[in-house]
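Written below as C-alpha cells is the structure these notes are about.
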Amino acid sequence: MTDTPPDRLSVDPSSPHHDAEVLQRGVGIRFKGEEKTNVEEYCVSEGWVRLALGNRVDRKGKALTVKLQGPVEPYFQNG
1 MTDTPPDRLS
11 VDPSSPHHDA
21 EVLQRGVGIR
31 FKGEEKTNVE
41 EYCVSEGWVR
51 LALGNRVDRK
61 GKALTVKLQG
71 PVEPYFQNG
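Start counting the sequence shown at 1; every next residue gets the next number (full-length UniProt numbering).
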C-alpha cells in the first residue's frame with residue numbers, strides 16, 4: 001500500500017470515491033493549516049473539503065455538508 005492518501009476520498013459508502021480499506025487505515029485532514037475531524041469528503045487537486053454541519057441530516061439520513069475551498073493536506077494517522 002502507498003504512503004500517500006488518495007487525491008479524492010469520501011466517507012459515504014454510496015460514493016464512487018469511497019474506499020473502506022483506506023478509511024480503516026485512518027486518514028487525517030489538515031485544511032488551511034488546521035486539523036479537521038468533521039470532513040465527509042475531500043479533493044486535493046481541486047482544493048476543497050466537504051464538512052459535516054453538526055448532527056444535522058437531510059431527509060434521506062445523510063449528513064448536511066458545506067463545501068469549502070482552500071489547501072487540503074491529507075495524511076495517514078496510523079502508519
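Cβ coordinates follow ideal geometry from the N, Cα and C atoms, glycine included.
Closest in C-alpha terms to E41, from the list R59, D12, L53 and G33, comes D12. In the three-state reduction of the DSSP assignment, V22 falls in the helix class.
Beta-carbon to beta-carbon, V44 and V66 are separated by about 18 Å, too far to satisfy the 8 Å threshold. Within the same chain, V49 come within 6 Å of L68 by CB-CB distance, once the 5 residues on both sides are set aside. Take the alpha-carbon of V39 and the one of D3: they are about 20 Å apart. For N78, no beta strand (DSSP E) encloses it, and the DSSP letter there is neither H nor E.
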